[in-house]
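What follows is a single structure, written as structure tokens, with notes after it.
Number of protein chains: 2
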Amino acid sequence: MTMSRIQKRNRARIAEAALEVFSRNGFRGATLDAIAGEAGLSKPNLIYYYPSKETIYEELLTGLLSRWLEPLTALDPAGEPEAEILGYVSRKLELSRQMPRESRLFANEILRGAPLIAPHLTGPLHRLVAEKAAVIEGWAAAGHIAPVDGRQLIMSIWALTQHYVDADVQVRAVTGLADPLAGAAAHLETLFRRTLRG
Amino acid sequence: MTMSRIQKRNRARIAEAALEVFSRNGFRGATLDAIAGEAGLSKPNLIYYYPSKETIYEELLTGLLSRWLEPLTALDPAGEPEAEILGYVSRKLELSRQMPRESRLFANEILRGAPLIAPHLTGPLHRLVAEKAAVIEGWAAAGHIAPVDGRQLIMSIWALTQHYVDADVQVRAVTGLADPLAGAAAHLETLFRRTLRG
DNA sequence: CGTCTTTTTGACCATCCGGTCAATTTGTCA
DNA sequence: TGACAAATTGACCGGATGGTCAAAAAGACG
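So this is what it looks like as structure tokens:
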């Protein structure tokens with residue numbers, strides 16, 4: 041079961057190409073030819089490594105999931121509440137900035153009703169959010185931050201940070217700036233700091 | 041140029057069917073057969089009314105644009121600042137609740153880079169936002185609300201209100217509730233009220 | 001009713017696309 | 001080097017899909 045040198049190289053190429061193509065065109069808009077071309081392989085050769093288009097997509101998505109949730113996992117119950125939450129906002133924004141393709145990939149999947157990762161959403165994701173939301177609400181109950189619904193707060197952070205990347209055409213059009221993230225960090229810090237201070 | 045009785049009826053049916061199909065499957069995922077079926081017409085008959093799939097999509101999108109921006113248009117410079125902005129949040133959320141298909145349609149278009157409505161974004165939308173952002177910043181300068189970037193505030197409102205509908209699978213999975221909008225109104229009011237009060 | 005226009009449709013076409021397969025090339029290793 | 005396995009590919013297939021077209025059916029109207 042150990043992968044040959046060539047296997048390793050080509051699977052890496054395919055993953056990179058698939059991320060590029062799927063994030064730009066969505067699942068239905070992506071074609072095997074496009075992925076193969078981007079990866080520098082022929083279509084039958086691509087299918088030699090992955091049995092189907094769906095398999096490529098699925099493996100790509102699930103492989104990125106844990107990475108995508110890292111910032112939230114890092115939210116520390118023992119830390120200083122406001123700094124922890126604002127730090128999470130900042131890390132999530134930075135992650136979106138550095139991984140725009142991944143962000144769009146997930147946005148697309150979610151928008152379509154999450155046909156592939158629905159189980160993950162109701163399982164691991166639900167649990168992680170429940171855990172961290174409890175931490176946040178604990179802080180609120182202890183009076184360290186203003187009262188707030190933890191789950192709603194976390195979802196707000198997702199919605200806002202990802203918006204700058206997923207809807208970057210719109211953001212650029214509205215602001216007139218070339219960089220959609222210009223001003224984002226400052227605004228989000230203001231917005232969430234005020235929310236946490238009540 | 042006046043439309044016959046049959047034309048009016050069938051064009052209305054097509055618009056409704058197209059909204060249904062495009063919003064559920066995106067532009068690429070939608071098929072003429074699906075739209076025709078949903079509208080109760082044959083495919084050639086559908087194409088008798090609209091010359092191409094793109095035309096249907098384009099007319100649908102542009103026809104809904106003004107409707108979609110109504111709540112922002114209604115933001116009144118002469119009103120009470122906090123009430124005006126919170127009222128806008130509430131109206132936008134209500135609009136998303138009542139028009140989830142339209143919301144997804146736009147989300148899809150934006151996510152794909154707005155190939156069709158980009159001109160509208162940089163034109164009318166940019167101007168409308170600039171105008172309303174100036175109003176908000178005027179209120180801030182006068183000390184009626186806490187200092188805030190008007191454009192960023194407006195975009196925040198979009199991102200958050202639409203998230204509940206566009207990402208409803210995720211919201212439902214995380215909250216565990218059947219209604220993705222449960223708690224949304226209260227949370228958003230809290231979040232934005234605190235933001236406006238500094 | 002008769003004539004003209006509008007509407008509708010079955011049959012068809014070209015292209016795209018996911019995927020297969022047999023055959024060839026390349027790599028591995030004793 | 002020879003022999004076997006891994007990797008690669010051109011040619012091809014079947015189904016889906018956007019769109020066409022000629023002919024038929026249904027309305028409109030005097």
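Residue numbers (this note's numbering), protein chains in the order written: chain W, 41 to 238; chain E, 41 to 238. Idealized CB from N, CA, C, for every residue including glycine.
Give, in chain order, every residue of the stretch 131-156 of chain E whose Cβ lies closer than 7 angstroms to some Cβ of chain W. Close to chain W, meaning a Cβ-Cβ distance shorter than 7 angstroms, are the following residues of the stretch 131-156 of chain E: Arg144, Ala147, Asn148, Ile150, Leu151, Gly153, Ala154.
Okay, do the stretch 145-160 of chain E and the stretch 205-223 of chain W touch, 3+ Cβ pairs below 8 angstroms being the bar? Taking one beta carbon from each stretch, the stretch 145-160 of chain E and the stretch 205-223 of chain W have 3 or more pairs nearer than 8 angstroms; the two touch.
Which ranges would you report for the beta strand (DSSP E) in the stretch 93-147 of chain E if only whole runs of at least 3 residues count? Correct list: empty.
Give the residues of chain W in contact with His184 (chain E), contact being defined as C-beta atoms less than 9 angstroms apart. Listed along chain W is no residue with a C-beta nearer than 9 angstroms to that of His184 (chain E); the closest approach is about 16 angstroms.
Less than 8 angstroms between the beta carbons of Tyr90 (chain E) and Ile54 (chain E), yes or no? In this structure, the beta-carbon distance from Tyr90 (chain E) to Ile54 (chain E) falls below 8 angstroms.
Going along chain W, which residues have a C-beta under 9 angstroms from Gly66 (chain E)? The contacting residues are Gly66, Arg68, Gly69, Asn148, Leu151, Arg152.
Taking the CB atoms as reference points, tell me whether Val169 (chain W) and Val169 (chain E) lie closer together than 8 angstroms. Cβ distance not < 8 angstroms, so Val169 (chain W) and Val169 (chain E) don't count as in contact.
What residue from E:Thr230, E:Ala181, E:Glu171, E:Ile157 has the CA that sits closest to Gln192 (chain W)'s CA? That would be E:Thr230, whose Cα lies nearest to the Cα of Gln192 (chain W).
Can you tell me the Cα-Cα spacing of Ile197 (chain E) and Ala58 (chain E), whole angstroms? CA-to-CA, the gap between Ile197 (chain E) and Ala58 (chain E) works out to about 27 angstroms.
Let's see if you can read the secondary structure: which residues bound the alpha helix (DSSP H) around Ser196 (chain E)? First-last of the alpha helix (DSSP H) with Ser196 (chain E): 190-206.
Beta-carbon separation of Val61 (chain W) and Ala52 (chain W) under 8 angstroms? The Cβ atoms of Val61 (chain W) and Ala52 (chain W) lie no closer than 8 angstroms to each other.
Go through its chain and collect everything with a Cβ distance to Asp100 (chain E)'s Cβ below 7 angstroms, but skip five positions before and after it. The question names Asp, but residue 100 (chain E) in the sequence shown is Leu. Correct list, in chain order: Ala55, Ala58, Leu59, Phe62.
Can you tell me whether Leu59 (chain W) is helix, strand or coil according to DSSP? It is helical.
Tell me whether the beta-carbon of Asp189 (chain E) lies closer than 8 angstroms to the beta-carbon of Gly223 (chain W). Gly223 (chain W) is positioned such that its CB atom lies closer than 8 angstroms to that of Asp189 (chain E).
Using a Cβ cut-off of 7 angstroms, pull out every chain W residue sitting near Gly216 (chain E), in sequence order please. Here the neighbours are His166.
Could you give the first and the last residue of the continuous alpha helix (DSSP H) run that contains Arg234 (chain W)? Unbroken alpha helix (DSSP H) run through Arg234 (chain W): 224-237.
Does the beta-carbon distance from Leu236 (chain W) to Ala174 (chain W) come in below 8 angstroms? Not closer than 8 angstroms, so no.
Can you tell me whether DSSP reads Arg64 (chain W) as helix, strand or coil? DSSP places Arg64 (chain W) in the helix class (H, G or I) of the three-state scheme.
Name the chain W residues that come within less than 8 angstroms of Val169 (chain E), Cβ to Cβ? In chain order: Val214.
Below 8 angstroms on the Cβ atoms is my guess for Leu105 (chain W) versus His160 (chain W); work out the distance and round it to an integer in Å. About 6 angstroms separates the two Cβ atoms, so the contact holds.
Would Ser106 (chain E) pass as an interface residue toward chain W - the criterion being a Cβ-Cβ separation below 8 angstroms? False, the Cβ-Cβ gap to chain W never drops below 8 angstroms.
Show which residues of chain E have a CB atom less than 8 angstroms away from the CB atom of Thr235 (chain W). What Thr235 (chain W) touches in chain E: Thr230, Leu231, Arg234, Thr235.
With a threshold of 16 other CB atoms inside 10 Å of the CB of Gly80 (chain E), please say whether the residue is buried or exposed. Its Cβ having fewer than 16 others within 10 Å, Gly80 (chain E) is exposed.
By Cβ distance, which residues of its chain are closer than 6 angstroms to Glu12 (chain E), with the 5 residues on each side in sequence left out? Because residue 12 (chain E) is not part of the residues shown, which for chain E are 41 to 238, the question remains open.
How would you write the range of the alpha helix (DSSP H) that Arg167 (chain W) sits in, first residue to last? Counting along the chain, Arg167 (chain W) sits inside the alpha helix (DSSP H) bounded by residues 166-181.
So if I threshold CB-CB distances at 7 angstroms, which residues from the stretch 193-210 of chain W count as touching chain E? Those residues of the stretch 193-210 of chain W that come within reach of chain E (Cβ to Cβ, closer than 7 angstroms) are Met195, Ser196, Ala199, Leu200, His203, Asp206, Ala207, Val209, Gln210.
So which residues of chain E does Ala76 (chain W) contact, with C-beta pairs closer than 8 angstroms? Residues of chain E passing the Cβ test: none, with the nearest at roughly 19 angstroms.
Any beta carbon from chain E within less than 8 angstroms of Gly223 (chain W)'s own beta carbon? Closer than 8 angstroms to some Cβ of chain E, the Cβ of Gly223 (chain W) qualifies, so yes.
Take Ile194 (chain E) and list the residues in its own chain whose beta-carbon comes closer than 8 angstroms to its own, dropping the five residues that flank it on each side. Scanning its chain for C-beta atoms nearer than 8 angstroms, with the 5 sequence neighbours on each side dropped, one finds around Ile194 (chain E) the residues Leu112, Val169, Lys172, Ala173, Ile176, in chain order.
8 angstroms is my cut-off, CB to CB: does Ala158 (chain E) come that close to chain W? Using a Cβ-Cβ cut-off of 8 angstroms, Ala158 (chain E) counts as an interface residue toward chain W, since at least one Cβ of chain W sits closer than that to its own.
Comparing alpha-carbon positions, which option in W:Ala70, W:Trp108, W:Ile96, W:Leu126 lies nearest Pro164 (chain W)? Minimum Cα distance to Pro164 (chain W) is reached at W:Trp108.
At a CB-CB cut-off below 8 angstroms, which residues of chain W make contact with Asp29 (chain E)? Limits of chain E in this structure are 41 at one end and 238 at the other, which puts residue 29 (chain E) out of reach.
Any non-hydrogen atom of the ligand NAD closer than 7 angstroms to Tyr128 (chain E) Cβ: What this structure holds is no ligand at all, so the ligand NAD is not there to describe.
Taking the alpha carbon of Arg152 (chain W) as the reference point, which residue from W:Gly69, W:Lys48, W:Ser44 has its own alpha carbon closest? Arg152 (chain W) has its Cα closest to that of W:Gly69, out of W:Gly69, W:Lys48, W:Ser44.
If we count the other Cβ atoms within 10 Å of its Cβ and call it buried at 16 or more, is Asn50 (chain W) buried or exposed? It is buried - the Cβ of Asn50 (chain W) has at least 16 other Cβ atoms within 10 Å.
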